[in-house]
Amino acid sequence: MSGKSEEVLIMFAEFVESTHGRRQSCYLAYRYSLKRKSQNGSEYWVRVKCNATATSYSDASIVVRDHHTHLPDETDMEILQIRKTLKRKVMEESGPIDRIVEEAYHAANRQSQSSDLIFNLPLIHRMKNTSQKQRCKTGSPIPQSIEQLPYPLPDVYCNTTKSELFLLYDGSLGGTRSLVFASYNDIVYLSQQEHWYSDGTFYTCPSIFCQIYSIHAYYDGMSTPCVFALLGGTSEETYVDLFSVLSRKMSEFQLVIKLRTITIDFELGVSNVFTKYYPSIIVRGCLFHFGQSLYRKFVDQGLKTQNKDDENLRD
1 MSGKSEEVLI
11 MFAEFVESTH
21 GRRQSCYLAY
31 RYSLKRKSQN
41 GSEYWVRVKC
51 NATATSYSDA
61 SIVVRDHHTH
71 LPDETDMEIL
81 QIRKTLKRKV
91 MEESGPIDRI
101 VEEAYHAANR
111 QSQSSDLIFN
121 LPLIHRMKNT
131 SQKQRCKTGS
141 PIPQSIEQLP
151 YPLPDVYCNT
161 TKSELFLLYD
171 GSLGGTRSLV
181 FASYNDIVYL
191 SQQEHWYSDG
201 TFYTCPSIFC
211 QIYSIHAYYD
221 GMSTPCVFAL
231 LGGTSEETYV
241 DLFSVLSRKM
251 SEFQLVIKLR
261 TITIDFELGV
271 SNVFTKYYPS
281 IIVRGCLFHF
291 GQSLYRKFVD
301 QGLKTQNKDD
311 ENLRD
């Protein structure tokens with residue numbers, strides 16, 4: 001494969017774009033990257049995987065200097081096309097990166113006639129990392145503080161993929177800016193249910209907020225998330241303001257609230273909201289969070305080791 005350079009004049013070549021948006025030329029399963037352009041309009045190309053070169057001219061002819069150090073890669077163009085399609089989906093769609101990448105891998109596996117294609121694809125976790133970086137480049141910079149969060153929010157963050165309004169409220173809750181998201185249909189469904197479930201999570205919350213608080217409608221053994229709130233705190237005032245906003249929005253939509261019971265995560269601030277302002281609503285604690293509270297109390301009282309070592313105590 002190596003040896004003296006041999007020039008070959010060809011009158012056709014395929015021009016493509018790399019995943020980084022760079023112009024490339026392809027000939028006989030070899031892919032070339034554009035190195036430079038000359039003043040006379042010719043373009044100088046270098047093989048992606050070796051030092052072979054080519055020159056293209058204004059009359060569309062190309063001279064290939066054929067001293068490749070490897071065999072042509074028949075799957076190279078297929079892989080490039082898969083990666084370009086994946087990049088386009090990541091930038092145009094709002095779905096989870098993991099799902100988009102995994103679907104692309106499964107589709108390639110089903111359609112490929114050769115095991116070489118799957119073997120030569122980048123590792124799936126690397127593709128996910130690359131796709132995540134590509135999506136981040138297309139969006140606005142991630143705010144590092146609540147002050148950097150745009151006001152008002154851009155439309156892309158306020159509407160669903162079906163162009164329905166999703167941002168229910170953007171303003172102060174408990175003295176700090178918070179965001180509440182819910183579609184009209186979600187609010188209607190929530191108002192019609194007699195049993196709600198609410199819970200806060202801190203682990204997946206954006207750093208400029210304190211927690212993600214979700215409110216679910218519980219019906220026929222199924223919990224359906226309806227409201228998502230990015231809250232700036234955990235104070236009782238924050239929860240009072242949150243449920244006031246929700247109640248006010250339902251009134252604006254002329255909805256009858258049929259709520260009778262709500263199950264919470266033993267957050268005292270939430271419990272006080274209903275005890276003080278909605279006394280007719282029955283408040284119940286979540287069994288899972290109750291078990292967590294008991295465990296934390298065991299640890300605080302120094303009973304963890306004693307319970308582990310004493311079989312009679314466990315019985």
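So for the sequence shown, UniProt numbering puts the first residue at 1; every next one is plus one. The beta-carbon is built from N, C-alpha and C at its ideal position, and this holds for glycine as well. Everything numeric in this text was worked out from a predicted model, so none of it was measured.
Where the beta strand (DSSP E) containing Leu-168 begins and where it ends: Looking at the DSSP string, the run of the beta strand (DSSP E) that includes Leu-168 is 167-173.
Contact set for Tyr-223: own chain, Cβ-Cβ below 8 angstroms, skip 5 residues either direction: Before going on, a small fix: residue 223 reads as Ser here, not Tyr. Once the five neighbours on either side are set aside, the close Cβ partners of Ser-223 are Tyr-197, His-216 and Ala-217.
As assigned by DSSP and simplified to three states, the class of His-195: In the structure shown, His-195 sits in a strand (DSSP, three-state: E or B).
In terms of alpha-carbon separation, which member of Asp-98, Leu-121 and Arg-99 lies closest to Asn-109? Considering only alpha carbons, the answer is Leu-121.
Under the three-state reduction of DSSP, which class applies to Arg-88: helix, strand or coil? Helix, per DSSP.
Which partner residues does Glu-43 have in the DSSP bridge list? DSSP lists Lys-37 and Ser-56 as partners of Glu-43.
When the Cα of Ser-235 is compared with those of Tyr-44, Leu-268, Ile-142 and Gln-254, which residue comes out closest? Minimum Cα distance to Ser-235 is reached at Leu-268.
Since Trp-45 and Ser-61 should fall inside the 8 angstroms C-beta cutoff, what is the C-beta to C-beta distance between them, to a whole number of angstroms? With a Cβ gap of about 13 angstroms, Trp-45 and Ser-61 do not count as contacting.
Who are the near neighbours of Gln-211 in its chain, counting only those whose CB is closer than 7 angstroms to its CB and skipping five residues on each side? By the criterion of a C-beta distance shorter than 7 angstroms, Gln-211 is surrounded in its chain by Gly-200, Thr-201, Phe-202, Cys-205, Leu-231 and Thr-234, once the five residues flanking it on both sides are discounted.
When Gly-171, Asn-185 and Leu-153 are compared against Glu-164, the one with the closest alpha-carbon: Nearest C-alpha to Glu-164: Asn-185.
Tyr-203 - partner residues in DSSP beta bridges: Answer by DSSP bridge pairing: none, since Tyr-203 is not bridged.
Where the beta strand (DSSP E) through Phe-253 begins and ends: From DSSP, Phe-253 is part of no beta strand (DSSP E); its letter is neither H nor E.
Measure the C-alpha to C-alpha separation of Ile-97 and Lys-128 and round it to an integer number of angstroms. Answer to the nearest angstrom: the Cα atoms are 6 angstroms apart.
So, under 8 angstroms CB-CB, Leu-86 and Ser-131 are touching, yes? Tell me the CB distance rounded to an integer number of Å. Confirmed, Cβ separation roughly 7 angstroms.
Taking the alpha helix (DSSP H) that Cys-226 belongs to, which residues open and close that run? Here Cys-226 belongs to no alpha helix (DSSP H); instead the beta strand (DSSP E) covers 222-231.
Using three-state DSSP, classify Gln-301 as helix, strand or coil. Residue state, collapsed to three classes: coil.
Mind checking which residues open and close the alpha helix (DSSP H) that includes Ser-271? Run containing Ser-271: 268-277, per the alpha helix (DSSP H) assignment.
Taking a contact to mean a Cβ-Cβ separation below 7 angstroms, would you say Gln-148 touches Val-90 in this structure? In this structure, Val-90 does not lie closer than 7 angstroms to Gln-148 by Cβ.
Since Gln-132 is in the alpha helix (DSSP H), which residue starts that stretch and which ends it? Gln-132 -> alpha helix (DSSP H) spans 124-138.
Going by beta-carbon coordinates alone, are Leu-153 and Asp-241 separated by less than 7 angstroms? The Cβ atoms of Leu-153 and Asp-241 lie no closer than 7 angstroms to each other.
Ala-217 lies in the beta strand (DSSP E); which residues open and close that run? Per DSSP, the unbroken beta strand (DSSP E) holding Ala-217 starts and ends at 211-219.
Answer with buried or exposed for Leu-123, where buried requires no fewer than 16 other C-beta atoms within 10 angstroms of its C-beta. By the neighbour-count rule (16 or more Cβ atoms within 10 Å), Leu-123 is not buried but exposed.
Sort Val-283, Gly-139, Lys-249 and Tyr-57 by Cα distance to Gly-41 and report the nearest one. Comparing Cα-Cα distances from Gly-41 to each of Val-283, Gly-139, Lys-249 and Tyr-57, the minimum goes to Tyr-57.
Apart from the five residues just before and just after Leu-287, which ones in its own chain have a Cβ nearer than 7 angstroms to its Cβ? Residue confidence for Leu-287 is low, a pLDDT of 48 falling below 50, so the modelled location carries little weight; the figure read from the coordinates is stated next. Closer than 7 angstroms at the Cβ level, and outside the excluded window around Leu-287, lies no residue.
Beta carbon of Val-270, beta carbon of Tyr-239: below 7 angstroms? Contact check for Val-270 against Tyr-239 passes: the beta carbons are separated by less than 7 angstroms.
Chain-order list of residues whose beta-carbon lies under 6 angstroms from that of Ala-104 (same chain, five-residue window excluded): The answer, listed in chain order, is Leu-86.
Using 10 angstroms around the beta-carbon of Ser-145, count the other beta-carbons present and answer buried if the total reaches 16, otherwise exposed. Around the CB of Ser-145, fewer than 16 other CB atoms lie within 10 Å, so the residue is classed as exposed.
Going by DSSP, name the residue or residues bridged to Leu-179. BP columns for Leu-179 point to Asp-170 and Leu-230.
Using beta carbons (cut-off 7 angstroms, strictly below), is Gln-148 in contact with chain B? Here there is only one protein chain, and chain B is not present.
Where do the ends of the alpha helix (DSSP H) carrying Ile-262 lie? First-last for Ile-262: 261-264, but that is the beta strand (DSSP E), not the alpha helix (DSSP H).
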